[in-house]
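Residue 83 is where the sequence shown starts when you use the working numbering, and the numbers rise one by one after that. Note that CB positions come from ideal geometry on N, CA and C, so glycine has one too.
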Amino acid sequence: MIYKFRAILDNEEDIFRDIAIEAKDSLEDLHNALVNAFGFDGTEVGAFYTCGDDWAWHEEDGIPMFDTGDIPGEIKTMAEYKLDDLVHEQNTKLVYVYDLFSMWTFFVELAAIEENKEEVIYPALLFSHGVLPEEATTSGFRGGDLENENLFNDFEDDLDQDDLDMFDGDDSFEDMGFEENWN
83 MIYKFRAILD NEEDIFRDIA IEAKDSLEDL HNALVNAFGF DGTEVGAFYT
133 CGDDWAWHEE DGIPMFDTGD IPGEIKTMAE YKLDDLVHEQ NTKLVYVYDL
183 FSMWTFFVEL AAIEENKEEV IYPALLFSHG VLPEEATTSG FRGGDLENEN
233 LFNDFEDDLD QDDLDMFDGD DSFEDMGFEE NWN
């Protein structure tokens with residue numbers, strides 16, 4: 083069987099690629115197809131994230147390129163997952179992040195399942211729309227990731243204005259026990 087995916091860059095502009103790939107191929111094969119389809123040089127790593135229909139994904143649900151666990155074999159990698167293990171008619175969405183520093187984020191959705199065509203070499207780029215920007219940008223939707231959460235809602239410390247007043251007007255820290263030659 084052939085899976086046809088649409089990979090949409092998380093960006094304000096419409097930038098997407100349609101890719102056909104064999105269902106028996108691995109997530110690593112899909113990663114390589116996405117890298118080629120979007121014109122990346124392939125020197126950075128990526129990760130896939132499982133998600134629900136609302137595109138909500140979390141860092142701990144990631145499927146990395148390499149086993150980064152403390153014990154070898156502890157973490158399953160992209161090469162160990164076949165596409166049809168994770169993606170099927172009931173579960174059609176993945177999030178893909180390329181370059182974990184720049185965070186190029188893509189919403190990858192299964193658009194169709196079709197019969198294999200003998201004359202086509204897979205994976206195949208079927209359609210390309212939009213030009214990749216120079217730098218990764220986002221539309222602001224990260225679907226349940228930490229970016230949408232206010233991390234300081236519940237933060238409360240015991241400091242009040244009186245505690246902070248001790249720093250007003252005095253640039254000397256000599257009375258706080260700091261010694262010039264402490265070592």
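DSSP places LEU165 in the uninterrupted alpha helix (DSSP H) bounded by 165 to 168.
Between VAL169 and TYR178, the gap from beta carbon to beta carbon reaches 8 Å or more.
Its chain contains ALA102 as the residues whose beta carbon lies nearer than 6 Å to that of ALA206, once the 5 sequence neighbours on both sides are disregarded; these appear in chain order. The C-beta separation of GLY212 from PHE87 comes to about 16 Å, leaving the pair out of contact by the 8 Å criterion. Our two residues, THR174 and ASP136, have alpha carbons roughly 11 Å apart in a direct line. In this structure, the straight-line span from the alpha carbon of TYR204 to that of ASP152 is close to 35 Å. The Cβ neighbour count for PHE130, taken over all protein chains shown within 10 Å, is at least 16; the residue is labelled buried.
For the 8 Å CB-CB criterion, LEU109 and TYR180 do not form a contact.
For the 8 Å CB-CB criterion, HIS113 and GLY134 do not form a contact. Taken through DSSP and simplified to helix, strand or coil, HIS211 comes out as strand. Within the same chain, no residue comes within 6 Å of GLU171 by CB-CB distance, once the 5 residues on both sides are set aside. Between ASN198 and GLU126, the C-beta gap is not smaller than 8 Å, which leaves the two residues out of contact.
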